[in-house]
Amino acid sequence: MNNKVVIKYCVQCNWLLRSTWMAQEILHTFAEDMHELSLAPGSGGIFEIYANEQRIWCRKEEGGFPEITELKRRVRDVIAPEKTLGHIDRKHQ
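Position 81 (the sequence shown) corresponds to 69 in this note's numbering; numbering is contiguous.
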């Protein structure tokens, strides 16, 4: 298992707290499915999330930040497609 998630966030925009909260939520749900989760400080309004080097969220393209349920679905689809997310999956159907 070499699953990795990277959250790239803008330091100038003060998005560290948002990034750490999302990291905590991802780790809580996928702790047994992941090898690494990292925060990568950046600039210029960046807020992007990668799972196994595949970009799964871009703030500029998506028009904002992900809802945590949507983020968990996107992470799951890349690193653990067989994993059920319980109530999150039921609300999405």
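Just so you know, even glycine gets a beta-carbon here, dropped at the ideal spot from N, CA and C.
**Message:** Quick check: residue 9 and residue 35, are their CB atoms within less than 7 Å of each other?
**Reply:** Taking the C-beta atoms as reference points, residue 35 is found no nearer than 7 Å to residue 9.
Margin query: Checking the sheet assignment: what are the DSSP bridge partners for residue -8?
Written below: Paired residue(s): 24.
> Rounded to whole angstroms, how far is the Cβ of residue 31 from the Cβ of residue -6, which I believe are closer than 8 Å?
Replying inline: At roughly 16 Å, the Cβ-Cβ gap does not stay under 8 Å, so residue 31 and residue -6 are not in contact.
Under the rule that 16 or more other beta-carbon atoms within 10 Å means buried, what is residue -11, buried or exposed?
Counting Cβ neighbours within 10 Å, residue -11 comes out exposed, since fewer than 16 surround it.
Bridge partners of residue -2, per DSSP?
DSSP, once it has assigned bridges, lists 30 as partnering residue -2.
**Study point:** Nonlocal neighbours in the same chain, by C-beta distance under 7 Å from residue 63, ignoring five residues either side
**Key:** Beyond the five residues adjoining it in sequence on each side, residue 63 comes within less than 7 Å, by CB distance, of -7, 14, 18, 39, 44 in the same chain, given in chain order.
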